[in-house]
Structure formats: C-alpha cells, structure tokens
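For reference, the structure is listed below as structure tokens.
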Amino acid sequence: MPPYVRLHIRLLPHTSHNFETQICEAIASEISGGNLPQGSRLPPVRVLAHQLGISKNTVQFAYDELAARGLVVPKNRQGVFVSETFMTARSEEKPKVQVPAPSLIPRPMPNSKMHSQDTILLSNVFVDPDLLPNEQLNECFRSVLKSTGLPSFYDTQGFYPLREWIAERLSQRGISATAEEVIITTGSQQALDIACRALQHKHIATENPAYHIGKILFEMNQMQLVGLPIHPFKGLDLSLWEKRLAQARPSLLYLTPNFQNPTGYSYSSQELRKIAEMAERYQFGILEDDWGADMLSFSEYRPSLRALCGDNVLYLNSFTKKLLPSLRVGYLVGNRQMVPSLVAAKRVATLGHPSLIEEALFEFLSRGYYDTHLQKLQTALDRRYHHCLQILEQVMPDEVAWTTPGGSPILWLELPPSIDLPSLIATMQSQRINITDTRSSFFGTPHLHGIKIGFAYNKEGALEHALQTLANTLKQELAR
Ligand SMILES: Cc1ncc(COP(=O)(O)O)c(C=O)c1O
Numbered sequence: 037m038p039p040y041v042r043l044h045i046r047l048l049p050h051t052s053h054n055f056e057t058q059i060c061e062a063i064a065s066e067i068s069g070g071n072l073p074q075g076s077r078l079p080p081v082r083v084l085a086h087q088l089g090i091s092k093n094t095v096q097f098a099y100d101e102l103a104a105r106g107l108v109v110p111k112n113r114q115g116v117f118v119s120e121t122f123m124t125a126r127s128e129e130k131p132k133v134q135v136p137a138p139s140l141i142p143r144p145m146p147n148s149k150m151h152s153q154d155t156i157l158l159s160n161v162f163v164d165p166d167l168l169p170n171e172q173l174n175e176c177f178r179s180v181l182k183s184t185g186l187p188s189f190y191d192t193q194g195f196y197p198l199r200e201w202i203a204e205r206l207s208q209r210g211i212s213a214t215a216e217e218v219i220i221t222t223g224s225q226q227a228l229d230i231a232c233r234a235l236q237h238k239h240i241a242t243e244n245p246a247y248h249i250g251k252i253l254f255e256m257n258q259m260q261l262v263g264l265p266i267h268p269f270k271g272l273d274l275s276l277w278e279k280r281l282a283q284a285r286p287s288l289l290y291l292t293p294n295f296q297n298p299t300g301y302s303y304s305s306q307e308l309r310k311i312a313e314m315a316e317r318y319q320f321g322i323l324e325d326d327w328g329a330d331m332l333s334f335s336e337y338r339p340s341l342r343a344l345c346g347d348n349v350l351y352l353n354s355f356t357k358k359l360l361p362s363l364r365v366g367y368l369v370g371n372r373q374m375v376p377s378l379v380a381a382k383r384v385a386t387l388g389h390p391s392l393i394e395e396a397l398f399e400f401l402s403r404g405y406y407d408t409h410l411q412k413l414q415t416a417l418d419r420r421y422h423h424c425l426q427i428l429e430q431v432m433p434d435e436v437a438w439t440t441p442g443g444s445p446i447l448w449l450e451l452p453p454s455i456d457l458p459s460l461i462a463t464m465q466s467q468r469i470n471i472t473d474t475r476s477s478f479f480g481t482p483h484l485h486g487i488k489i490g491f492a493y494n495k496e497g498a499l500e501h502a503l504q505t506l507a508n509t510l511k512q513e514l515a516r
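With this note's numbering, letter number 330 in the sequence shown gets 366, and the count goes up by one each step, no holes.
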C-alpha cells in the first residue's frame, strides 16, 4: 500500500462554510492546482480527523463529496486515491467543449421578458401562475424556516417524508411504489436525464412526434433513437410499432400515455396492454411520463402503465405544472434493482435537490392543501378547456381539426397541408402571438401538420383573441 500524502488544511471555525466543505474545497484546490498528483493516496479518514481535531464523520463526508465530483476514488481496503481519469483529462489533453448543433439547442423558455412584451404564448404547456397556490406555498416555506430553519444537509434521494407521501398517493391510484423506490428530481426533466445516464445500453424508442426537450436530451446524450408514430386522430399503429421494436431492440421505451406532448393523445387501455405484452416479448423497460395527471377533472383515473405492468415500468411525474414552475420538483419511481444506479446518476448530476423546497412542499402536501388546490385548479382548467373548444368551433375554418384530450394543458390543432407553418408562425409573431414550431419534435418528415394550443396557460380573453387572430390568418391564407 503506498504511503499517504500529508495535507495542510487550516479550518476556520467562524465562516459560513462548515468543516466538510472547507476540507473538500482545500483538497479539490490542491488537486486542480497540480499539487496532488494522480494516484496520490489521501490520509486515512481517522488520521485526518485526528490531525484536525474533528470527527471522522466530517472527514468522511468531505471524502464522499470529492468522490461524487470524480476527483478521488475510494478503493476497497486500500484507501482513497486522487482520480487518474480526472488528472489525465486536465494534464494531457484539454477536453474540447462540444458545442451542440443548433438543432440541439432548445427553444427559450417563456420568461418575464416575454411577459413584459405582452406577447401571448399560445403553445405554452404551463398552467397560468394566477391559478397556482403561491400564497399557501409561501406560508409553508415560512413555517418550515420558522420551525426548523434552513436544513443544513440533504438526502440525495430526496426528503424521506416527501417520498413517503408520494408513494402513498401513487398506491391509492393502484401504482405500486414505496418511499425507497421514489427519487425526488429537479423537475421531471431530471428524471429523464438520470434514466438516460443510468441506462447501460443507450438505445431508446419513443413517440414520434416526441416531447421536444426530451428528444433533445436523448440526442445530446448520443442515444440511439427510434421513433414510433403516433397519430392523435387515428390512434397507434401497433403492428408498425411492433415491427420497429422487434428490429431495433431498444432497452427502454419512453412514453407519455396520458395527454402526449405535443399531440394531446391519450392511449387506450387496450393499447397499453399490447405495449405491456411487447415489453415482455422484446425485453425492454418502459419509462412512463405521467406529466398530465391531476390536471383536469378525472385525470387521476387514467390508466397507468406502471399500474398495469408493475416495476418494469419506471414512472415519472412532476409538481411543476400543478403547483409552481419555479419549485422544480419532480420525481422518478424506480425498482429495487435500479434505484441505486438512478440515485448515483442523480448524485453525479446535482448531488441533491434543495432540501428547503422539498420540506416546504411536504408541509404543503401534509397540510392537505394539495387536494383543495387541485379541486379549484381542475374547475378553472375545465372551464378554460371548454371555452377553448367553444371558440375553436366558432372561429376555425372547416379544414382545421383539433383533438379533444379532456385534460392536460394542451390540444393539437391540425392545419390544412397548404398552410406554410414557418410563415404562419412569423405572421402570428408579428401580431404578438407566439406559436411553437413543432416540426423538430418529429423524427424525419412530419406526418402531422399542426400546432399546440395551450389552453391552461392563457386567460380566456387572451386565448380568444389569439385563436380569433389565428383563424383570420388561416382563412386569408386558404382564400389565396
Ligand atoms: C411531457 C413532458 N415531460 C416532462 C416535462 C418536464 O417538465 P418539468 O421538468 O417541469 O417537470 C415536460 C415539460 O414541459 C413535458 O412536457
């Protein structure tokens, strides 16, 4: 066993950084400054603890953190060593930063700048913030801060009582889950990300068109991808799906069975059963994205693949649409075999999600505010949904068709083939109505020709104005 290096670390008791952080930062800066060569053995935990006059746990936490950053590697019974790969990357060859291709750069998020410009975001998938329980959430944050103060540490997998609440809630819907299987994530987007990272065979099948930023995530991770066509008016051609799945043999199928984004399509129970059979036959796992659950009346009763096929299905969902976008809390439900690697993938990505947010959210949920909020939200969204259908009926030319999803924040508007999408989008933009171009959600040539309408985000007056303007523009185009 090689001798360990001697470290000079000066701990400062009266700073905002605790001792773990100070030790971690001191060693990290020795490594990045080139003072600790690759393969150097760090002092054993008990030795450094003794030297510094602190507990072994504190040193162990610091070493864990360094390992999570990839700076050191613990080797069984031999000690903790400065990572070789890290040094190689630094000292031999500067890694080139890969600039993503323009097609891999997601469209900008709606933000306060766009609001101040008074633009109507017609395709926005969020819920109007005025319908969200901002004040109650504030109260829960204040209550947590008052009773326990800022949490000083975090659980990488997520605040346990919050995980228990989620597991209990899902079980009531027939979706098997325990707190040990739930991983709290930064929005459900991170659930997708860690599922990608943890996947050994980087080969995914998904819907065509797909959830746009999910598709970009897979492409950026250089996943091998296969698109399975989805048609919001005709349903799924499952024999074609089967042919593609049999040929491609992906390791994971990513689906949004309820209110698919961007088409708003919901799978029938029969379709879900057939997909479950295919998963058995071709031995792939399923990643089920239930983003639209709880959003309109009755949506909690939609069938779920996890309920149907058990824990071969990884299930993800999020509070960002239903409670507050900025909370960024989502979750992933795994199975006992996969949870350790999913948690490890989350750890290397972010170490953890802010505990204060998790604790305040738990406070909100355990006070029973969620169900009261959902009831009000669902009533308001039901009204917006029906209003949207009514306006479409009144103003759209006969050649336009739309889906009736009965839930989620969006529906799909299919346009006549003669309409040029980019010029329609530009014309609408010139009238301060922003429409998302969905063409990049498709694999290959799009088999649909339409746009998303976000009826949950836009207030009734704004939606009416935008749809009327859209209808007028379409009529003018069709008359040419
Ligand atoms: C289908 C779908 N899944 C996942 C996400 C990610 O959402 P979030 O990270 O806000 O939970 C979105 C966002 O719009 C989505 O549309």
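Each residue gets a CB set at the ideal place from its N, CA and C atoms; glycine is no exception. Keep in mind that this is a model prediction, so the values were computed, not measured.
For Phe269 and Leu428, the rounded distance between their alpha carbons: 17 Å
Ligand 1 heavy atom lying under 7 Å from the CB of Val161: yes
Cβ neighbours of Ala103 in the same chain (closer than 8 Å, five flanking residues each side left out): Val109, Pro110, Val116
Proximity of Glu405 and Gln172 at Cβ, strictly below 8 Å: One detail in the question is off: residue 405 reads as Tyr in this sequence, not Glu. A contact, by the Cβ cut-off of 8 Å.
Simplified DSSP assignment, three categories, for Ala492: coil
First through last residue of the beta strand (DSSP E) which encompasses Thr222: 218 to 222
Leu272 versus Leu352: straight-line alpha-carbon distance, rounded: 22 Å
Same chain, Cβ closer than 8 Å to Met374, five either side skipped, listed in chain order: Ala234, Leu350
Cβ-Cβ distance between Pro433 and Lys511 below 8 Å: yes
Secondary structure of Val41, DSSP reduced to three states: coil
Ser354 versus Leu360, Val365, Gly89, Leu291, residue with shortest Cα-Cα distance: Val365
Length of the line joining the Cα atoms of Thr222 and Leu447: 26 Å
Stretch pair the segment 234 to 247 + the segment 471 to 489: three plus CB contacts closer than 8 Å: yes
Under 8 Å between C-beta atoms of Val379 and Glu217: no
Residue span of the alpha helix (DSSP H) that contains Lys382, given as start and end: 375 to 386
One or two residues paired with Arg77 in a DSSP bridge: Tyr40, Phe117
Between the CA atoms of His501 and Thr155 - distance to the nearest angstrom: 12 Å
Where Ala125 falls, given that 16 or more other Cβ within 10 Å makes a residue buried: Below a pLDDT of 50, predicted positions are generally treated as unreliable, and Ala125, at 38, falls in that range; the measurement from the model is reported next regardless. Per the 10 Å Cβ criterion, exposed.
His53 to Asn348 span [Cα, whole Å]: 42 Å
Gly250 beta carbon near ligand 1 (any heavy atom closer than 7 Å): yes
Pick from Ala343, Asp330, Ile202, Leu186 that is closest to Gly210, judged by C-alpha positions: Ala343
Ala507 (DSSP reduced to helix, strand or coil): helix
Among Leu417, Phe398, Ser466, nearest to Glu204 - alpha-carbon criterion: Phe398
CA nearest to the CA of Arg516, picked from Ile455, Leu289, His483, His485: Ile455
Rounded straight-line distance, which links the Cα of Pro453 to that of Glu31: The requested residue 31 does not occur in the structure, where the chain is confined to residues 37 to 516.
Cβ-based burial, Gln306 [other Cβ within 10 Å; buried from 16]: exposed
Every unbroken beta strand (DSSP E) inside the segment 279 to 365 [3 residues or more]: 288 to 291, 321 to 325, 349 to 354
Exposed unless 16 or more other CB atoms sit within 10 angstroms - verdict on Pro543: Because the chain here runs from 37 to 516, residue 543 falls outside it and cannot be looked at.
Cβ neighbours of Glu129 in the same chain (closer than 6 Å, five flanking residues each side left out): Note that Glu129 scores 45 on pLDDT, short of 50, meaning its location in the model is unreliable; the coordinates nonetheless yield the value given after this. If we look at Glu129 and ignore the five residues flanking it on each side, it has no Cβ neighbours.
Segment limits, beta strand (DSSP E) that includes Asn244: 239 to 244
Rounded separation between Val384 and Glu435 - CA only: 51 Å
Distance cut-off 7 Å: Gly194 Cβ against heavy atoms of ligand 1: no
DSSP-derived helix/strand/coil call for Asp473: coil
Near ligand 1: Asn470 beta-carbon under 7 Å from a heavy atom: no
Three-state secondary structure (DSSP) of Tyr247: coil
Residues bridged to Lys111 (per DSSP): Gly115
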